[in-house]
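What follows is one structure encoded as structure tokens, with my remarks underneath.
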């Protein structure tokens, strides 16, 4: 499990440098509108849990990235890996931890 | 100046007339929810136009609303727990209460006297007086509550996502609650048939759906479509389907499948699956045109840039329309001549003729989601 996390972490840091792939405006819109469908547009929760920056505070960004990438089995959280690149997922994980919802 | 006095003269003669005649009727009006700004656009169906804007309703992501029986007032259920009563004629907020921390829709009783709101946090249903928005009843469920609808006989029916229970709250006399347990794993939405007889819940956590015959006493839950989804790998679900807005299409009804690129045709009497239609993506809404002749379907992210139209007789897709990015919601004119479609990321409502499939109008709106015509006032479950 650790090696998997490590690999994911390496993979995401490796790709994060390819800045050309990440479009912050689009990803911000995705978080707001599509993540917001379950977590609320202000991220304070809905069918899915509260994921505001203050609530996630202290979480490891690579841990969040893994949840976004693979989803959580037996829950409504889908894997976003099929739709987003690792760089994009990593960007979202960082964004959730630092940006308060607008 | 001469023109000015003519104007005065015109005003003088028209004012008394207006005082006697109410300015407008609301029968062809409606409301569009703008999810980003927390505002509502008041729309005129006949004119294909926006005729006003109401602001200050809080977080309207996933907001919905119901209408008073006279079609003058809308009760808007915001995501942030706000319940807002809006006057469509004056285009003003009449009253607003923060009734919970996090809510997800509501319903109006068949007599128009009670407003029920379905809450995630704290989980449960709160019921308010439709005139004053004073609290009438608080029904905690200790679970996230979904699929709240009105049922004939001053009843509300709702279901719990976490615990898989459906409750029927009867307000015809002293409040009486009937609880049905084990209706299924992770029910994500519920609907009631237009006749108010059958309540159906979609299940996220297992195959099939659950139907409850509300005419029986006591009502019993029946598992339907048990083979739907079995042994087939479910795709990731990026948007839960909505069951509301469905309608009977002839002797069958059509339901969006969860986790599959298909819609399901169900016999309205036996509740058995008749057929499936392969569609472009995972359906979010599968809505029959009011006459039932065609069914329009939109899709979940990331395939949400179009709608498909299915012929009820053949079960085949007969038309595909590229409506635009984030096509979220479809609302038919009450007799089905046109359909209004919200295209969120294009900031537009697009209007289509349902016979020619031509676009016949367009209205700007800021991140529009739900479209609600006042004719909903007279339909059970809407």
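Residue numbers (our numbering), protein chains in the order written: chain A, 8 to 109; chain B, 667 to 1048. Ideal Cβ positions, reconstructed from N, Cα and C, are used throughout, including at glycine.
Check: Using CA coordinates, which residue listed in B:745, B:1048, B:829, B:1034 is at the minimum distance from residue 1009 of chain B?; Outcome: B:1034
Check: Mark residue 853 of chain B as exposed unless 16 or more other C-beta atoms lie within 10 angstroms of its C-beta, in which case mark it buried.; Outcome: buried
Check: Please identify, using Cβ separations under 9 Å, the residues of the stretch 870-883 of chain B that lie next to chain A, in order along the chain.; Outcome: 870, 871
Check: State the Cα-Cα distance for the pair residue 902 of chain B and residue 86 of chain A, rounded to the nearest angstrom.; Outcome: 6 Å
Check: Counting only beta-carbon atoms, is residue 93 of chain A nearer than 8 Å to chain B?; Outcome: no
Check: So with Cβ pairs under 8 Å, would you call residue 1032 of chain B a contact of chain A?; Outcome: no
Check: Against chain B, which members of the stretch 73-89 of chain A pass a CB distance test of less than 7 Å?; Outcome: 78, 83, 85, 86, 89
Check: Mind checking if residue 770 of chain B is an interface residue toward chain A, Cβ cutoff 8 Å exclusive?; Outcome: yes
Check: Output yes if chain A places a C-beta closer than 8 Å to the C-beta of residue 787 of chain B; else output no.; Outcome: yes
Check: Residues bridged to residue 40 of chain A by DSSP?; Outcome: Residue 40 of chain A pairs with nothing; no bridge assigned.
Check: Run through chain A and tell me which residues come within less than 9 Å of residue 956 of chain B, C-beta to C-beta.; Outcome: By Cβ distance, chain A contributes nothing, its closest Cβ being about 27 Å from residue 956 of chain B, past 9 Å.
Check: Hey, which unbroken runs of the beta strand (DSSP E) at 3 residues or more fall wholly within the stretch 786-815 of chain B?; Outcome: 789-795, 801-806
Check: Given this structure, state the Cα-to-Cα distance separating residue 719 of chain B from residue 725 of chain B, to the nearest angstrom.; Outcome: 16 Å
Check: DSSP state of residue 755 of chain B, grouped into three classes?; Outcome: coil
Check: What residues of chain A sit near residue 967 of chain B, judged by a beta carbon separation below 9 Å?; Outcome: 37, 40, 41, 44, 90
Check: Closest to residue 700 of chain B by C-alpha separation, out of B:732, B:727, B:833, would be which residue?; Outcome: B:727
Check: Since residue 65 of chain A meets chain B, which of its residues come closer than 8 Å, beta carbon to beta carbon?; Outcome: What residue 65 of chain A touches in chain B: nothing, since even the nearest Cβ is about 22 Å away.
Check: Just the C-alpha distance for residue 47 of chain A and residue 1027 of chain B, rounded to the nearest angstrom, thanks.; Outcome: 31 Å
Check: Taking the alpha-carbon positions, what's the residue 932 of chain B to residue 940 of chain B distance?; Outcome: 5 Å
Check: Let me make sure I understand the geometry here. Which of B:753, B:768, B:767 has the alpha-carbon closest to that of residue 761 of chain B?; Outcome: B:753
Check: From residue 38 of chain A to residue 72 of chain A, what does the alpha carbon distance come to, in whole angstroms?; Outcome: 13 Å
Check: Counting along the chain, where does the alpha helix (DSSP H) carrying residue 99 of chain A start and finish?; Outcome: 93-105
Check: Spatial neighbours of residue 683 of chain B within its chain, please: C-beta separation below 7 Å, excluding the five flanking residues on both sides.; Outcome: Confidence in residue 683 of chain B is poor, its pLDDT being 45 and thus under 50, which makes the residue's placement unreliable; the coordinate value appears in the next sentence. Within the same chain, residue 683 of chain B has no close Cβ partners at all.
Check: Give the straight-line distance between the Cα atoms of residue 741 of chain B and residue 80 of chain A, rounded to the nearest whole angstrom.; Outcome: 37 Å
Check: Identify which residue in B:959, B:715, B:1002 has its Cα closest to the Cα of residue 984 of chain B.; Outcome: B:959
Check: Counting only Cβ pairs nearer than 7 Å, list the residues of chain A close to residue 810 of chain B.; Outcome: 54
Check: Using beta carbons (cut-off 8 Å, strictly below), is residue 903 of chain B in contact with chain A?; Outcome: yes
Check: What separation, rounded to the nearest whole angstrom, lies between the Cα atoms of residue 812 of chain B and residue 29 of chain A?; Outcome: 36 Å
Check: Within the same chain, show all residues whose beta-carbon is closer than 7 Å to that of residue 928 of chain B, passing over the 5 residues directly before and after it, in chain order.; Outcome: 942, 943, 944, 945
Check: Counting only beta-carbon atoms, is residue 19 of chain A nearer than 8 Å to chain B?; Outcome: In this predicted model, residue 19 of chain A has a pLDDT of only 42, less than 50, meaning its place in the structure is not dependable; the value taken from the coordinates is given anyway. So, not an interface residue.
Check: Exposed or buried, residue 773 of chain B, counting other C-beta atoms within 10 Å across all chains shown (16 or more means buried)?; Outcome: buried
Check: Around the C-beta of residue 907 of chain B, are 16 or more other C-beta atoms found within 10 angstroms, so that it is buried, or is it exposed?; Outcome: buried
Check: Might you give, ordered along the chain, the residues of its own chain that have their beta carbon closer than 6 Å to the beta carbon of residue 871 of chain B, omitting 5 neighbours on each side?; Outcome: 851, 852
Check: For residue 947 of chain B, name the three-state secondary structure that DSSP assigns.; Outcome: coil
Check: Over what stretch of residues does the alpha helix (DSSP H) that includes residue 72 of chain A continue unbroken?; Outcome: 68-77
Check: Nearest-angstrom Cα distance between residue 44 of chain A and residue 99 of chain A?; Outcome: 16 Å
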